[in-house]
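Heads up: the structure comes next, in structure tokens.
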Amino acid sequence: MIPHVIIYFNSTMAHASQIFTGLELLKSEGRVTLEYKLALAELPNNKMRIDISGKQVIFDMADDNVVDLEIYAQCDAYFKRMLLKKDYERLPKIFPFGLNYSVMVENPKLNKIWKKTPVLLGYSIKYNKFLSGLMDINDSIHNVYLENMEGEPNDSGEIIFGTRLWDPLNNEIDWKKEERKKINHQRIAIIRKLKDIYGPQFKGGVENSQLSKILCPDLIVNKKESNKEAYLESLKKALIGIANFGLEGSIGWKFPEYIAHSMAIVSTPIDEFVIHGDLSEGKNFLKFESVDECLNAVDTLISNPAQRKKMQLENKAYYQRFLHPKRKMELILSDLAQL
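Quick note on numbering: the sequence shown equals residues 10 to 348 in my numbering.
So this is what it looks like as structure tokens:
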């Protein structure tokens, strides 16, 4: 029997775009039937409920690694983006969502919901290419259409690391303030060193903000170079991507974006999380924890073209087997079939 899927849409969160896209692609092949229902305020904005052939499934797309045990107790399956290995071992209904990034396909039904719902109207504007351009909206949905979000391995190209700074004063918790300071310090130091070592072969910097104007005004990239469309174009020509941990130790969107573009990757550790497939250090990425380790890893990939190309091909294969949105939803439906 073909699975019937009901998505209870409760926010505009781009974190859920892989789910929408994967299911829409499966629907286009006649492998699921699909409907959307509005459910504002039913759950926190970083969580979403989906009914899959009568099974109540929660998708927890939060940056943190905390499992909401109250919500967990009320569902048949709980898919967690930042899933710790210890939680995977102790909670029988929990499954990994895996790497997450923004990717969309044409979705008129979802856009119809946005248009009819005043609090979601802004997302409908992002869906419109003309209005997005007219209003200079950086995160326009047409930028992240599937065909723009994947690429082939390059034999030459740039080293990429564009990022933002997190303002410590935007959080009242002391350890989170310190975490933001640590992230900022590492990002600034890496960018400075890479610019010095590789010159024009390095493409990157920090987004313009009040904090970056204070801490590193010389590293700010102009708006034309930092917008989403320009960033995705740079990935098409890139060779190596740098990714460091996000807030609360999360794996940011850049890591899977690099994989989808068949790039070699240098990243902070990700081994505490459960991720689909055999995504491993040495094969899919080189690991770093300090600035010097990052520089050494980049040098290794630049100096060893055969090792770099092998990594690029491994990441292309990983994308096709585990990360492509249709494949991701196939894996999720397979997990649910075992319940």
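Idealized CB from N, CA, C, for every residue including glycine.
Short Cβ contact (8 Å threshold) for residue i with residue j
i	j	result
His285	Phe331	yes
Ser235	Glu266	no
Lys74	Met91	Note on identity: in this sequence residue 74 is Asn, with Lys being the wrong assignment. In contact: Asn74 and Met91 (Cβ atoms closer than 8 Å).
Leu119	Phe29	yes
Lys296	Glu323	no
Lys337	Gly107	yes
Val114	Leu178	no
His270	Lys237	no
Ser276	Ala252	yes
Pro278	Glu298	yes
Gly208	Ile200	no
Asp85	Leu348	yes
Ile249	Val307	yes
Leu116	Glu181	In the sequence as displayed, the identity of residue 116 is Asn instead of Leu. Going by C-beta atoms, Asn116 is not nearer than 8 Å to Glu181.
Asn54	Ser26	no
Ile122	Phe18	yes
Lys202	Val300	yes
Ala273	Leu310	yes
Cβ-Cβ separation, residue j to residue i (assumed contact under 8 Å), whole Å
i	j	result
Ala82	Ile169	So it is not a contact: roughly 43 Å between Cβ atoms.
Ile15	Asp60	4 Å
Glu159	Tyr328	7 Å
For residue j and residue i, the rounded distance between their alpha carbons
i	j	result
Ile67	Ile80	8 Å
Ile341	Ala198	39 Å
Glu339	Pro12	11 Å
Lys335	Asn109	13 Å
Ser111	Val153	7 Å
Ser289	Ser312	21 Å
Lys64	Lys89	16 Å
Ser325	Glu161	Note that residue 325 is Lys in the sequence shown, not Ser. Rounded to whole angstroms, Lys325 to Glu161 spans 7 Å at the Cα level.
Ser218	Ile229	9 Å
Cys303	Ser37	43 Å
Gln316	Tyr240	25 Å
Pro105	Ile150	26 Å
Gln321	Asn157	18 Å
Cys225	His194	10 Å
Pro101	Gly166	45 Å
Lys135	Arg196	29 Å
Asp344	Lys204	45 Å
Asn231	Ile192	22 Å
Met10	Lys186	51 Å
Ile103	Asp280	18 Å
Ser243	Asn163	12 Å
Lys124	Ser133	6 Å
Lys190	Asn147	26 Å
Residue i Cβ short of 7 Å to the ligand PLP heavy atom set
i	result
Tyr45	With respect to the ligand PLP, the structure shown offers nothing to examine, as it has no ligands at all.
8 Å Cβ cutoff, residue i in contact with chain D
i	result
Val283	The structure shown contains no chain D; it holds only a single protein chain.
Inter-stretch contact at 8 Å, needing at least 3 Cβ pairs: the segment 36-49 / the segment 116-130: A contact exists between the segment 36-49 and the segment 116-130.
Minimum length 4: unbroken alpha helix (DSSP H) runs contained in the segment 176-211: Runs of the alpha helix (DSSP H) inside the segment 176-211: 183-207.
Segment contact, 8 Å Cβ cut-off, at least three pairs: the segment 173-185 with the segment 276-291: Because the criterion of three Cβ pairs below 8 Å is not met, the segment 173-185 and the segment 276-291 do not touch.
Those runs of the beta strand (DSSP E) which lie wholly inside the segment 263-322 and span at least 3 residues: Secondary structure in the segment 263-322: the beta strand (DSSP E) runs of 3 residues or longer, each lying completely within the stretch, are 273-276 in chain order.
Any beta strand (DSSP E) of 3 or more consecutive residues that is wholly inside the segment 31-85: DSSP runs (the beta strand (DSSP E)) wholly in the segment 31-85: 42-47, 56-61 and 64-69.
Validate contact between the segment 38-46 and the segment 84-98 using beta carbons, cut 8 Å, 3 pairs: The answer is no - the segment 84-98 does not touch the segment 38-46, with fewer than three Cβ pairs under 8 Å.
Within the segment 83-139, ranges of the beta strand (DSSP E) (whole runs, at least 3 residues): Within the segment 83-139, the complete beta strand (DSSP E) runs of at least 3 residues are 86-89 and 103-105.
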